[in-house]
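Encoded as C-alpha cells, the structure appears first; notes follow it.
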C-alpha cells in the first residue's frame, strides 16, 4: 500500500515539475524580452522610420504595414469564416459533405505557413499579377487564418442552446431570421474571440508574407493596396539576420520584438479575457 | 448559398495544390523524381546545379524527431497535470499561459534561439556553431508543446466520469486511475495531439530558418547544422531567378512538404474518428 502511494507521489511530483518548468520558462522568456527591449522603446521609436541603413530610428512603417496586412486579412477571413460556420452548424445535415468540408478545414489549418507563402506567390503575385503588395499579403494571411475563424465561430454557434432556435421557429419566424436575430447575436462574443485570435496569428506570421508583401525597407509609406510594405515580424527577421551591424543593432531588435510580442500577446489576452467572461456570464 | 461559402476551404486547398504543382512540376523535366527526392547534393546555384533534397528531408525529420522527444513528455504531462491534478486556481493560471506560448510569433522564438541559446550552446559544448539540430529542436519543442498540451487536455476531459468512479471504487489510487484508466481511454486523442504537434514542428519555417544553421548536408551528429525544407524555401526563394530551375525546385520542395503535413493531418483525423469515444457504452 505504501509503495503504491509512493509511486503516486513520484508521479505527481514529475508532472508538477514539468508543468512548472513549462510555465516558468514562458514567464522567464517574457521577462527577458521585456528587460532587454524596454530600453529601446520611446516615442521616437514608435513614430519614426528607420534611419542610417536601419541602424537607428524607429519602426513606424513596419507597425503600419502589419496593421494594414492584418486588417486586410480579417476583412477577407471573417465573412467567409462566419458563413462557413453558419453552414456547418445551422444548415448542414451530418453526412459525406460535412465530413469532407471538415477534413478540408482541418487540412487547411495544417498547411505549413511557408506553403501558404508559395501559394500566395504563385496565385496572387505571379498568376494574377498583383505583385508583392498589401493585397497579396492580406489575401494569403486571410486564407491562413480562415480555419481558426471557422473553428471558433462553429463552436460559438453550437453553444447557443437548441431551445432558443425552437422558441423562435415556434413563433413562426423564418429560419434565416432566426439565425440573424437569435443565433448570431448570442454567438457573437464567441465569434469575436475567434476573430481576435485570428488577428493575433496574422500579425505574428512571417513566412507567408516574405514573398507576397513584405519589403526589406521602404522609405515611403504605402499609398494603395498595390504597394509593398514593411511588416513587424519580417523586420525582426531582417534586423536579426541580414544586417551588417547585427550586434550593434541588438537593442533595436529587442525593442522591435517587444513591440511585436506586446501587440500579439495583448491581442490574445483580450480574446482570453472575453472568453472567460462569456464562460462565467452565460450559463444557459 | 452557405454551402458554396463553406466549400471555400476546400477550394483554397485545391488552389494550393494547383499552384504548387503548376510552379513545381517543371523541375521534373530536368531531374527525375527519384533523383530529386533521394539525391544527396543540394547545390542549386552551382554550374551545373544539382537538386537533391534528401539532406533537406533528413534535416526536417531530424529536428522534428528531437523536438518531439522534448515536446511529447512535456506537453502530455502538463496536460495530465492541468486536467487531473492541478487545483482550480492553478489551472486558471496555467491554461492561459500555455495559450500565450501558442500565440508567440515564431520569429520571436527563432530570434531567442539565435541570440541567446546559440551562444550558450556554443560555449557550453565548445562547438564551432550554436546553430544546429539541438538548438532548433529545443525551440521547435516549445512551439509544439501548446498544440500537444491543449488537444491532449481535451481528450482527457472527454473521458467519462464513470470510468474514474469505477476505478476509485475498486480501490485504485489516483495515480493508478490516471495511468491505467484515464490515459488509455484518452489515448486516441493524445495520439492525435502528438501527430498534430509533430506536423506543426515539421512545417515551422522561421525557427529552422534562423537557428538550424543552414548546412545542406546529411547530418552526422546532433550538433551538426541542417537545412530543413521550409528553411531552404524561405532562404532561397528571394534569390532564385523567376521560373528558373531553382525556382521550380523550391516549389517542388514545397509540394513534398505539403504532402507530408497533409499525410500527418489526415492520419490524425483518421485516428481521432476511428477510435472516437461515444459515451461510456463503447468500452
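Protein chains in written order, with my numbering: chain A, 416 to 699; chain B, 1240 to 1522. The beta-carbon is built from N, C-alpha and C at its ideal position, and this holds for glycine as well.
Own chain residues within Cβ distance below 7 Å of residue i, not counting five before or after
i	result
residue 567 (chain A)	605, 606, 608, 609 and 612
residue 1262 (chain B)	1487 and 1490
residue 454 (chain A)	666
residue 652 (chain A)	621
residue 428 (chain A)	none
residue 643 (chain A)	547, 548, 628, 630 and 633
For residue i, the nearest candidate out of the options (CA to CA)
i	options	result
residue 1367 (chain B)	B:1348, B:1468, B:1463 and B:1279	B:1463
residue 565 (chain A)	A:480, A:439 and A:496	A:496
residue 1489 (chain B)	B:1281, B:1248, B:1353 and B:1321	B:1281
residue 1454 (chain B)	B:1465, B:1343, B:1273 and B:1460	B:1465
residue 1266 (chain B)	B:1253, B:1244, B:1285 and B:1289	B:1289
residue 571 (chain A)	A:440, A:689, A:656 and A:434	A:689
residue 489 (chain A)	A:680, A:438 and A:561	A:561
residue 1307 (chain B)	B:1468, B:1460, B:1510 and B:1439	B:1439
residue 419 (chain A)	B:1418, B:1382, B:1441 and B:1344	B:1418
residue 1316 (chain B)	A:506, A:437 and A:632	A:437
residue 439 (chain A)	B:1361, B:1333 and B:1429	B:1333
residue 1460 (chain B)	B:1426, B:1301, B:1279 and B:1243	B:1301
residue 469 (chain A)	A:679, A:645 and A:573	A:645
residue 1482 (chain B)	B:1348, B:1245, B:1259 and B:1320	B:1259
residue 1305 (chain B)	B:1292, B:1318 and B:1378	B:1378
residue 421 (chain A)	B:1326, B:1414, B:1499 and B:1469	B:1414
residue 1284 (chain B)	B:1478, B:1510 and B:1511	B:1478
residue 618 (chain A)	A:681, A:588 and A:542	A:681
residue 616 (chain A)	B:1346, B:1509 and B:1240	B:1346
residue 1312 (chain B)	A:685, A:432 and A:518	A:432
Rounded separation between residue i and residue j - CA only
i	j	result
residue 1513 (chain B)	residue 521 (chain A)	16 Å
residue 1503 (chain B)	residue 638 (chain A)	42 Å
residue 456 (chain A)	residue 670 (chain A)	6 Å
residue 514 (chain A)	residue 1247 (chain B)	15 Å
residue 1476 (chain B)	residue 482 (chain A)	25 Å
residue 676 (chain A)	residue 446 (chain A)	12 Å
residue 630 (chain A)	residue 1485 (chain B)	22 Å
residue 1480 (chain B)	residue 1492 (chain B)	16 Å
residue 1451 (chain B)	residue 1386 (chain B)	22 Å
residue 1329 (chain B)	residue 1397 (chain B)	20 Å
residue 598 (chain A)	residue 1297 (chain B)	50 Å
residue 1467 (chain B)	residue 595 (chain A)	48 Å
residue 1422 (chain B)	residue 1287 (chain B)	55 Å
residue 1355 (chain B)	residue 581 (chain A)	58 Å
residue 1295 (chain B)	residue 1447 (chain B)	11 Å
residue 1530 (chain B)	residue 1344 (chain B)	The requested residue 1530 (chain B) does not occur in the structure, where chain B is confined to residues 1240 to 1522.
residue 493 (chain A)	residue 1361 (chain B)	46 Å
residue 1225 (chain B)	residue 1272 (chain B)	Residue 1225 (chain B) falls outside the range modelled here, since chain B spans only 1240 to 1522, and no answer is possible.
residue 1331 (chain B)	residue 1338 (chain B)	12 Å
residue 1268 (chain B)	residue 1275 (chain B)	11 Å
residue 545 (chain A)	residue 1251 (chain B)	18 Å
8 Å CB neighbourhood of residue i in its chain, flanking five on each side removed
i	result
residue 623 (chain A)	528, 529, 531, 532, 535, 552, 555, 556 and 559
residue 487 (chain A)	549, 550, 552, 553, 554, 556, 557 and 640
residue 473 (chain A)	459, 460, 461, 462, 463, 464 and 465
residue 584 (chain A)	590 and 593
residue 1256 (chain B)	1497
residue 692 (chain A)	604
Buried or exposed by the 16-neighbour rule on C-beta atoms within 10 Å, applied to residue i
i	result
residue 1522 (chain B)	Any reading at residue 1522 (chain B) is ruled out, since the residue's pLDDT is 46, under 50, leaving its predicted position unreliable.
residue 417 (chain A)	exposed
residue 523 (chain A)	buried
residue 1364 (chain B)	exposed
residue 578 (chain A)	exposed
residue 648 (chain A)	buried
residue 467 (chain A)	exposed
residue 668 (chain A)	buried
residue 1520 (chain B)	The pLDDT assigned to residue 1520 (chain B) is 48, lower than 50, so where the model puts this residue is not dependable; a value taken from the coordinates is nonetheless given after this. Exposed is the call here.
residue 1299 (chain B)	buried
residue 674 (chain A)	buried
residue 1442 (chain B)	buried
residue 505 (chain A)	buried
Other residues of its chain near residue i: CB distance less than 6 Å, five sequence neighbours each side excluded
i	result
residue 1507 (chain B)	1431, 1434 and 1435
residue 1394 (chain B)	1425, 1428 and 1429
residue 1253 (chain B)	none
Chain D within 8 Å of residue i, Cβ atoms only
i	result
residue 485 (chain A)	Absent here is chain D; the protein component of the structure consists of chains A and B.
- Item | Ordered list of alpha helix (DSSP H) runs contained in the segment 579-614 of chain A, each at least 4 residues | 590-593
- Item | Those runs of the alpha helix (DSSP H) which lie wholly inside the segment 1363-1425 of chain B and span at least 4 residues | 1372-1396, 1400-1408 and 1413-1416
- Task: Would you list, in sequence order, the uninterrupted beta strand (DSSP E) runs of no fewer than 3 residues that lie entirely inside the segment 1435-1472 of chain B?
- Result: none
- Length at least 4, wholly inside the segment 1268-1294 of chain B: the alpha helix (DSSP H) runs in chain order: 1272-1277
- Task: With a floor of 4 residues, list each alpha helix (DSSP H) that falls wholly inside the segment 416-485 of chain A, ordered by position along the chain.
- Result: 417-452 and 458-462
- Could you name each continuous alpha helix (DSSP H) segment of 4 residues or more that falls completely within the segment 494-565 of chain A, going from the start of the chain to the end? 511-525 and 528-535
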